[in-house]
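Only one structure is covered here, and it is reproduced in the block below.
2 protein chains.
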Amino acid sequence: MEGWYIEKGPESDVVMSSRVRLARNFKEYPFPFKMNREDAEKVVERVKDAILNRSIATSDYEFKDMLKMNPIDKQALVEKHLISPNLVNGRVASAAIISKDEKVSIMINEEDHLRIQCLFPGLQLDKAWELCDKIDSLLEENIDYAFSEKYGYLTCCPTNLGTGIRASAMLHLPALTMTGYIRGMLEACGKLGIAVRGIYGENSEALGNLFQISNQITLGLSEEEIINNVTNIGNQIINQERSLRAELYRQNPYRFEDKVYRSLGILSNARIISSEESFKLISDVRLGVDMGIIKNIDVAKLNEILLYIQSANLQKIFDRTLSPDERDIKRAELIREKLGIN
Amino acid sequence: MEGWYIEKGPESDVVMSSRVRLARNFKEYPFPFKMNREDAEKVVERVKDAILNRSIATSDYEFKDMLKMNPIDKQALVEKHLISPNLVNGRVASAAIISKDEKVSIMINEEDHLRIQCLFPGLQLDKAWELCDKIDSLLEENIDYAFSEKYGYLTCCPTNLGTGIRASAMLHLPALTMTGYIRGMLEACGKLGIAVRGIYGENSEALGNLFQISNQITLGLSEEEIINNVTNIGNQIINQERSLRAELYRQNPYRFEDKVYRSLGILSNARIISSEESFKLISDVRLGVDMGIIKNIDVAKLNEILLYIQSANLQKIFDRTLSPDERDIKRAELIREKLGIN
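Protein chains in written order, with the UniProt record's numbering: chain U, 1 to 342; chain S, 1 to 342.
Structure (structure tokens):
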């Protein structure tokens with residue numbers, strides 16, 4: 001385990017990660033939903049060739065053929081947001097090229113021929129964009145993109161038209177949630193062209209108080225403007241979250257400490273734990289760490305735990321199929337191990 | 001802190017403590033509820049003299065004058081069951097003579113002129129009776145007891161007539177409680193002349209799954225028969241409790257371990273905790289220790305915590321008056337300190 005999540009990025013007390021993804025398509029092939037098998041294979045080969053035969057970053061890359069991978073390995077990548085469920089369930093040949101540090105993931109023949117995404121810890125949309133842009137330029141040397149002077153990059157879904165960019169940040173907002181101010185924040189974001197959704201939860205509920213903000217508009221603004229917009233809104237939310245945390249603590253420090261420590265106590269002692277409960281407790285513990293109350297746990301360690309307690313990743317770690325009951329037991333075991341308890 | 005509770009007695013996986021108390025009265029004075037002040041003072045002086053001027057045990061004795069003690073010190077003794085609320089609220093001069101190890105407590109001018117009680121860890125009613133008997137004999141050398149050939153020792157309340165003995169054991173019965181078998185046990189005890197009541201709770205509810213069994217009959221049986229009866233019933237309950245614990249564990253070891261460890265996690269991490277919650281959690285932790293699941297905590301340590309987290313004892317330890325909110329904070333602090341955490 002040596003991914004981006006073991007680093008601690010800027011504003012990591014509120015921002016878990018930043019992601020930029022670009023949607024791109026080959027000019028010469030139909031969009032994936034109507035392409036034939038032969039064309040799909042050609043697209044996979046050409047992207048593979050363009051990436052793997054060059055050194056575009058310090059990290060190594062791995063080619064993942066969706067047709068050849070077992071379901072648990074694929075699900076493990078979905079859980080880490082490195083590939084999408086759409087890619088797994090594709091109609092034609094599909095693949096992903098993923099860097100060893102899991103900062104870069106290029107999906108081939110998802111909704112578009114290409115989905116280039118870069119993930120960084122903390123609030124680093126500029127860095128993520130920079131790396132995406134570099135990979136994009138490299139691919140463009142070898143690929144003729146579907147591009148219109150009027151609309152920009154052509155994408156399968158019109159919501160991605162233009163820049164094809166989606167810049168998002170995953171925020172941990174326990175104080176906004178506890179105080180109920182989250183509703184006002186969601187409304188304000190909507191008016192500013194920023195989408196907010198809960199992550200990790202079914203039906204997009206905000207499990208673990210984690211919310212993803214992202215741009216709704218891809219057309220009519222430059223990539224830099226979009227990155228700046230999301231970053232600025234992100235910074236405003238960070239400030240609001242921080243002052244609410246400080247206020248909650250000020251109001252009743254013992255109550256605050258009691259909450260985060262109890263959650264730590266349960267998290268580090270449970271022998272059976274669901275992922276839902278883990279997310280909730282980790283949210284409290286993270287808050288305690290961010291506020292300097294809990295001192296011997298690193299936020300990056302919590303990021304790592306959040307990724308690896310998910311069903312498929314858990315089964316990969318223990319290297320066997322686990323029933324739901326077994327997963328709850330092994331999840332508790334993994335958490336204690338990662339927290340260095342036993 | 002160096003009381004009986006830091007020792008670990010026989011059957012300590014189920015029995016917290018054994019207590020024997022004898023009710024005795026002077027022949028020459030009216031019972032406390034109708035005696036005058038002068039007589040009350042004489043009784044106090046005579047008992048004080050009979051005990052303090054002799055060496056009856058290895059341990060030192062302290063004389064506690066109820067009229068001179070402050071309310072918190074008196075309440076602290078009540079919480080430890082060394083004196084009764086009746087003694088504190090007495091109409092006339094009253095006192096207690098308590099051994100340093102808190103195994104012996106002699107109340108003077110409670111309901112009867114004398115209440116001699118001996119407390120031992122685990123199931124040791126025979127030892128407690130032996131020590132009571134020794135103290136009783138010593139006192140009888142100097143005091144003419146109210147005694148009738150027909151009824152035996154005369155006591156204020158007819159329920160104590162005869163031997164004047166009450167033999168009781170404090171049992172920790174989480175498995176009987178969890179499984180609901182406790183109801184059947186309570187019924188059976190009633191039929192066998194054994195009273196059962198919850199301890200530490202208001203209205204005698206069984207806070208912390210702690211129950212006290214004691215003899216209902218004091219007349220028509222010898223002291224030894226009474227001690228044996230309570231010990232035998234105690235042993236039957238111990239066996240039932242043990243096999244239910246084993247069965248519960250066997251049915252779902254992970255669920256069992258999860259329960260005791262979660263309670264340990266909360267107990268050792270909380271920053272605010274009520275005494276009610278402490279009792280509940282300590283009950284689970286004790287069960288975990290007794291079952292060999294939790295290894296680095298001693299049962300005697302839990303006994304000690306149970307005594308010292310009570311309101312007045314807590315205030316004595318921190319040497320100041322604490323508001324209810326402060327108590328919940330200091331109680332959490334004391335528990336962590338006693339568990340060796342931080």
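Quick reminder that beta carbons are idealized off the backbone N, C-alpha and C, glycines included. Note that this is a predicted model, so its numbers are computed, not measured.
Contacts around residue i, its chain only, beta-carbon distance under 7 angstroms, and the 5 residues preceding and following it disregarded
| i | result |
| --- | --- |
| U:Arg-286 | His-172, Val-299 and Leu-302 |
| U:Gln-262 | Reading the sequence as shown, one finds Arg at residue 262 of chain U and not Gln. Once the five neighbours on either side are set aside, U:Arg-262 has no close Cβ partner at all. |
| U:Leu-192 | Ile-233 |
| U:Gly-201 | Only weak support exists for where U:Gly-201 lies, its pLDDT of 43 falling under 50; the value from the coordinates is given anyway. Taken in chain order, the residues that qualify are Leu-207. |
| U:Phe-63 | Lys-48, Leu-52, Ala-95 and Ile-97 |
Residue from the options with nearest C-alpha to residue i
| i | options | result |
| --- | --- | --- |
| S:Pro-174 | S:Asn-89, S:Glu-241, S:Ala-93 and S:Leu-67 | S:Glu-241 |
| S:Asn-70 | S:Asp-49, S:Asn-89 and S:Asp-126 | S:Asn-89 |
| U:Asn-296 | U:Leu-264, U:Ile-309 and U:Arg-271 | U:Leu-264 |
| U:Gly-220 | U:Asp-101, U:Ile-329 and U:Gly-162 | U:Gly-162 |
| U:Leu-82 | U:Asn-142, U:Tyr-5 and U:Asp-258 | U:Tyr-5 |
| U:Asn-239 | U:Phe-63, U:Met-185 and U:Ile-116 | U:Met-185 |
| U:Lys-34 | U:Ala-50, U:Met-16, U:Ala-270 and U:His-113 | U:His-113 |
| S:Ser-243 | S:Ile-273, S:Gly-3 and S:Asp-13 | S:Asp-13 |
| U:Arg-271 | S:Leu-267, S:Phe-256 and S:Pro-158 | S:Phe-256 |
| S:Glu-110 | S:Ala-93, S:Ile-143 and S:Lys-100 | S:Ala-93 |
| S:Asp-325 | U:Asn-252, U:Ile-266, U:Asp-319 and U:Glu-149 | U:Asn-252 |
| S:Ser-168 | S:Gln-212, S:Gly-180 and S:Arg-183 | S:Gln-212 |
| S:Ser-17 | S:Arg-331, S:Val-230 and S:Gly-288 | S:Val-230 |
| U:Asp-136 | U:Tyr-153, U:Leu-306 and U:Leu-67 | U:Tyr-153 |
| S:Ile-217 | S:Ala-23, S:Ile-165, S:Glu-7 and S:Thr-321 | S:Ile-165 |
| U:Ala-332 | U:Asp-319, U:Gly-190 and U:Glu-277 | U:Glu-277 |
| U:Glu-7 | U:Arg-54, U:Glu-102, U:Arg-91 and U:Glu-187 | U:Glu-102 |
| U:Arg-250 | U:Asn-215, U:Glu-224, U:Ser-275 and U:Ile-293 | U:Ile-293 |
| S:Phe-279 | S:Gln-310, S:Gly-288, S:Asp-258 and S:Tyr-254 | S:Gln-310 |
| U:Tyr-29 | U:Lys-74, U:Ala-146, U:Ser-99 and U:Val-104 | U:Ala-146 |
| U:Leu-248 | U:Leu-176, U:Lys-74, U:Val-15 and U:Lys-127 | U:Leu-176 |
Enclosing beta strand (DSSP E) for residue i [first to last residue]
| i | result |
| --- | --- |
| S:Phe-63 | 61-65 |
| S:Ile-51 | It is not in any beta strand (DSSP E) - S:Ile-51 instead sits in the alpha helix (DSSP H) that spans 37-52. |
| U:Phe-211 | 206-215 |
| U:Ile-227 | Note, U:Ile-227: premise wrong, no beta strand (DSSP E); alpha helix (DSSP H) at 223-251. |
| S:Leu-114 | 114-121 |
| U:Ser-17 | 15-24 |
Close Cβ partners of residue i (< 6 angstroms) along its chain, the five nearest in sequence each way excluded
| i | result |
| --- | --- |
| S:Ala-76 | Ala-312, Asn-313 and Lys-316 |
| S:Thr-58 | Low per-residue confidence applies at S:Thr-58: pLDDT is 49, beneath 50, and the placement is therefore not dependable, though the value from the model is reported in the following sentence. Contacts found: none. |
| S:Leu-339 | Ser-268 |
| S:Phe-72 | The sequence as given places Ile at residue 72 of chain S; Phe does not occur at that position. So the qualifying residues of the chain are Ala-312 and Gln-315. |
Beta-carbon proximity check, residue i vs residue j, cutoff 7 angstroms
| i | j | result |
| --- | --- | --- |
| S:Val-20 | S:Cys-118 | yes |
| S:Ile-194 | S:Trp-129 | no |
| S:Ile-97 | S:Tyr-61 | yes |
| U:Ile-116 | U:Ile-108 | no |
| U:Ala-95 | U:Asp-65 | yes |
| U:Leu-210 | U:Met-170 | yes |
| S:Asp-290 | S:Val-260 | no |
| U:Ile-143 | U:Phe-31 | no |
| residue 344 of chain U | U:Cys-132 | Residue 344 of chain U lies beyond the residue range present for chain U, which begins at 1 and ends at 342; the question has no answer from this structure. |
| U:Leu-307 | U:Lys-80 | yes |
| U:Ile-305 | U:Ile-341 | no |
Closer than 7 angstroms at the beta carbon, the chain U residues around residue i
| i | result |
| --- | --- |
| S:Glu-257 | Arg-271 |
Where residue i meets chain S, residues with beta-carbon distance less than 8 angstroms
| i | result |
| --- | --- |
| U:Tyr-249 | Result: empty, since nearest Cβ-Cβ is about 12 angstroms, beyond 8 angstroms. |
| U:Ile-329 | Tyr-254 |
| U:Tyr-261 | Asn-269, Ala-270 and Arg-271 |
N-terminal and C-terminal residue of the alpha helix (DSSP H) that residue i is part of
| i | result |
| --- | --- |
| S:Phe-279 | 275-290 |
| S:Cys-189 | 182-191 |
| S:Ser-137 | 125-140 |
| U:Trp-327 | The question names Trp, but residue 327 of chain U in the sequence shown is Arg. Element bounds for U:Arg-327: 324-338. |
| residue 405 of chain S | With chain S running from 1 to 342 in the structure shown, residue 405 of chain S is simply not present. |
| U:Leu-77 | 71-79 |
| U:Ser-105 | Per DSSP, U:Ser-105 belongs to no alpha helix (DSSP H); it is in the beta strand (DSSP E), 104-108. |
| S:Ile-305 | 299-308 |
Contacting residues, own chain, Cβ-Cβ under 8 angstroms from residue i (five flanking each side not counted)
| i | result |
| --- | --- |
| U:Pro-10 | Gly-122, Leu-123 and Gln-124 |
| U:Glu-329 | A quick correction: the sequence has Ile, not Glu, at residue 329 of chain U. Cβ within range, chain order: Arg-271 and Ile-272. |
| U:Glu-337 | none |
| U:Asn-203 | Legend: pLDDT at U:Asn-203 = 47, less than 50; position of this residue unreliable, value from coordinates given subsequently. Correct list: empty, nothing qualifies. |
Contact set between residue i and chain S, taken where Cβ atoms lie within less than 7 angstroms
| i | result |
| --- | --- |
| U:Leu-264 | Asn-269 |
Near the ligand FMN: residue i beta-carbon under 6 angstroms from a heavy atom
| i | result |
| --- | --- |
| U:Arg-271 | The ligand FMN is absent from the structure shown, which contains no ligand whatsoever. |
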